[in-house]
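Single-structure report; data block below.
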Amino acid sequence: DHTHADTLRTPIVAVLGHVDHGKTSLLDTIRGSAVSEGEAGAITQHIGATDIPLDTISGMAGELIDPSDFDLPGLLFIDTPGHHSFSTLRARGGALADIAVLVVDVNDGFQPQTEEAIDILRRTGTPFVVAANKVDTTPGWNPQDGEPIQRSMEAQSERAKSMLDENLYEIIGQLSDAGFSADLYWRVQDFQKNIGVVPLSALTGEGVPDLLTVLMGLSQRFMKEEMAIDVTGPGEGTVLEVKDERGFGATVDTVVYDGVIRNGDTVVVGGQDEPIVTEVRALLRPRPLAEIRTEKEFEKVGEIGAAAGVKIAAPDLDEAMAGAPVRVVRDRTVDQVVEEVKAELAEIEVETADNGVVVKADTLGSLEAMANALREAEVPILRAEVGDIAPRDIAVAETANQDEHKAILGFNVDLLQNAESDLENADVKLFKNKVIYQLVEDYERYVEEKQR
Ligand code: GTP
Ligand code: MG
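Going letter by letter, the sequence shown gives residues 3 to 454 in full-length UniProt numbering.
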C-alpha cells in the first residue's frame, strides 16, 4: 500500500558497456565536475553507487536544465565493471535500473559486451540512452572542456566534424541492426520510441551536461509513478555482491530500491539453498572521498532509505547470492517474507533436464540469461547454479549420459583450486567466457566438431 507516505525516490541509473569504453571515467567526470562546482559535499558515495542531487546536476548542465521542471531528487548511478555481470541488476522479476546509459567508444562501436547489454536492456524493457564516448580522440579535435556538445561541435574543423559524424552514424546503424531506431539526441522527439545518442567525452567533459539533461528528462517524463515509494515501508533491495569484510565476515553490497532498512531489522536474503533469515548488525557506507585514506573505510549508519547502495553486515550471509532479493520483515511474519523471497527466486529457477550440461554463473541474473541463451540454442541443462566451479560440479558433469553433455559452461566464474586436479582427471570439458553468447557459441562449435 503506497498511498500515505509516498515520496519520489531517486531513479536508479545503470552505466553499462564494453570493457574500457569509459563507464568509470564517465562517472568520475560527473563526480569531478560536481566537486569543481563546489558541491562535493552534496555528493554521497554509496556502495557501488553514486548519488548526485538535482541541484548539482542542474549546476553541471547549466543552461540546458531548469531545475524547476523537475521534482525527482537526483540520480543514483550504478557502475558495472566490465568483468562483472550487470545482469545482476534485477528487482522483483524486472530490472533494478530505472534507466541505463550504454557507453560505446565512438571509435570501436559495438563490441561483444555492448551487444550483450543491448540484449538485456531489450529483454527487461529498460529505457536507455547511448553515450558515444571519447569524441576527443577524433583526429584534429579541439577540446571544449565541459561544454554542451553542440557548442563543442561548432568549434571543430569540418574535417573533424565529418569524421565524428561518420562514427556516430555507424553507431546509429548498429543500434538499428539491433532493432532500435536511434538518432542524435537533439533530433529525438519521442524518447519512448527512439534511442537518443549523446556524443561526449568523459575525458574533457564535453557533452556530459547533455547526458545529464537527457537522463533527468527521461526519468521525469516516463518514470514518476515508479518513483513514488513509501519511504518508511519495509526495505527491499537486491544483492550486488557478496564480500568478506575484515571484522564483519560475509557482507552483502545491496541496492535498496524501496522502503527503508534499519540497523537491527530482521531481513530475509536469497541464499544458495534456501532463504537466509538474519538480523542486521551494521549498515555501512563508504566515508566521503577525502576520508577514504584514513584507517576506517566505512561509516556506520542507523538506517538507509531508497534509492541507495549500502553494505549490510549480518550473521550467516556466506550463502547469499549476487542478484538475490533482500527484504526487511518489519511488521509482517518471517514466514510471509520467506515465502515472498522463495516466490521471487522461483521465477528465475532454471528449467533442468535429466540430461544436459552443467552451468555455473556469477549471479542469479546471469544464470537466468545463460539459461535463456541455452534454451534458444536447444542445449539442455542438467544443473545450473550460482558460484565458482567446484569438485562436485565436475562429478555431476561426468554423470551425463551423452559425451557432448559432459561439459561445464562457466560465465564470469573461476575454477576453484581444489577442483583443478579433478578436472584434469575427468572426462569433462570446461568452457569459460565473459560474454554469454560467445560461451554458447564456443560450446556449439565443440559439439559440431565432436559430431564430425
Ligand atoms: P571496465 O570497468 O574495465 O569495463 O572499463 P570502463 O568502461 O570503466 O572504462 P574506463 O573508464 O576505465 O576507461 C578505460 C580507458 O579509456 C581509460 O584509460 C580511460 O582513461 C580512457 N577513457 C575513458 N573515457 C575517455 C574519453 O572520453 N576520452 C579518452 N581519450 N579516453 C577515455
Ligand atoms: Mg570501470
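All C-beta atoms, glycine included, are put in the ideal place defined by N, C-alpha and C.
A quick note: this is a predicted structure, and the numbers were derived from the prediction, not measured.
Between which two residues does the beta strand (DSSP E) carrying Tyr259 extend? For Tyr259, the enclosing beta strand (DSSP E) starts and ends at Gly251 to Asp260.
Is it true that the stretch 336 to 346 meets the stretch 361 to 380, where meeting means three or more beta-carbon pairs spaced less than 8 Å apart? Between the stretch 336 to 346 and the stretch 361 to 380, the count of C-beta pairs closer than 8 Å stays below three; the two stretches do not touch.
Query raised in the report: With distances taken from CA atoms, which of Glu228, Gly261, Asp246 and Leu220 is nearest Gly235?
Result: Measuring from the Cα of Gly235, the nearest candidate turns out to be Gly261.
Q) Considering only residues of the same chain and omitting the five flanking positions on each side of Val331, which have a CB-CB separation below 6 Å? A) So the qualifying residues of the chain are Thr268 and Val339.
What ranges does the beta strand (DSSP E) occupy inside the stretch 349 to 416, keeping only unbroken runs of at least 3 residues that lie completely in it? With a minimum length of 3 residues, the unbroken runs of beta strand (DSSP E) contained wholly in the stretch 349 to 416 fall at 359 to 363, 383 to 388 and 409 to 413.
Open item on the list: Tell me the DSSP secondary structure of Glu293 in three-state form.
Closed with: Residue placement at Glu293 is poorly supported in this model, since its pLDDT is 45, which falls under 50; the coordinates still yield a value, given next. Glu293: helix per DSSP, three-state reduction.
**Asked** Hey, quick one: how far does the beta strand (DSSP E) through Val210 stretch, first residue to last?
**Response** That residue, Val210, is in no beta strand (DSSP E); its alpha helix (DSSP H) goes Val210 to Phe224.
Cβ neighbour criterion (16 or more within 10 Å) applied to Ser60: Under this definition Ser60 is a buried residue.
Consult DSSP for Ile231 and reduce its assignment to one of helix, strand or coil.
Three-state result, Ile231: strand.
Sequence-distant residues of the same chain with beta carbon closer than 8 Å to Ile294, five excluded per side
Confidence in Ile294 is poor, its pLDDT being 42 and thus under 50, which makes the residue's placement too unreliable to answer from.
Does DSSP put Lys436 in a helix, in a strand, or in coil?
Lys436 falls in the coil class under three-state DSSP.
DSSP beta-bridge partners for Leu186? Per DSSP, the beta bridge partners of Leu186 are Val199.
### Task
Compare the C-alpha of Ala323 against each of Val282, Thr354 and Gly239 and name the closest.
The amino acid at residue 323 is misidentified as Ala; the sequence shows Met. Residue Gly239 holds the alpha-carbon nearest to the alpha-carbon of Met323 among Val282, Thr354 and Gly239.
- From this set, Arg248, Ser183 and Arg11, which residue's C-alpha is nearest Val131's C-alpha? The option with the nearest alpha carbon to Val131 is Ser183.
Check: If we call anything under 8 Å between Cβ atoms a contact, is Leu411 one with Val343?
Finding: No, they are not a contact pair.
| Rounded to a whole number of angstroms, what is the C-alpha to C-alpha distance between Arg94 and Pro201? | The C-alpha of Arg94 lies about 33 Å from the C-alpha of Pro201.
* Asked: Would a C-beta distance cut-off of 8 Å place Leu77 and Leu213 closer than the cut-off?
  -> It is not a contact, given that the beta carbons lie outside the stated cut-off.
- [ ] Could you tell me whether the stretch 131 to 150 touches the stretch 107 to 114, using the rule of 3 or more Cβ pairs below 8 Å?
- [x] Cβ pair count under 8 Å is three or more, so yes.
Which residue comes first and which comes last in the beta strand (DSSP E) that contains Ala102?
Ile101 to Asp107 is the span of the beta strand (DSSP E), which, as asked, contains Ala102.
>> Quick check on DSSP: helix, strand or coil for Thr268?
In response: Three-state result, Thr268: strand.
- With which residues is Asp81 paired in a DSSP beta bridge? Among the bridge pairs identified by DSSP, Asp81 is matched with Val17.
Neighbourhood of Met229 by C-beta, 7 Å cutoff - its chain only, sequence neighbours within 5 removed
Same-chain partners within the cutoff: Leu10, Arg11, Pro13 and Leu74.
**OP:** Less than 8 Å between the CB atoms is what I'm expecting for Ile151 and Leu177, so what's the real figure, rounded?
**Re:** About 18 Å; that fails the 8 Å criterion.
task = Compute the Euclidean distance between the alpha carbons of Thr296 and Val398, then round it to the nearest angstrom.
result = The predicted model places Thr296 with a pLDDT of 49, which falls under 50 and marks its position as unreliable; any figure quoted below should be read in that light. Rounded to the nearest whole angstrom, the C-alpha separation of Thr296 and Val398 is 47 Å.
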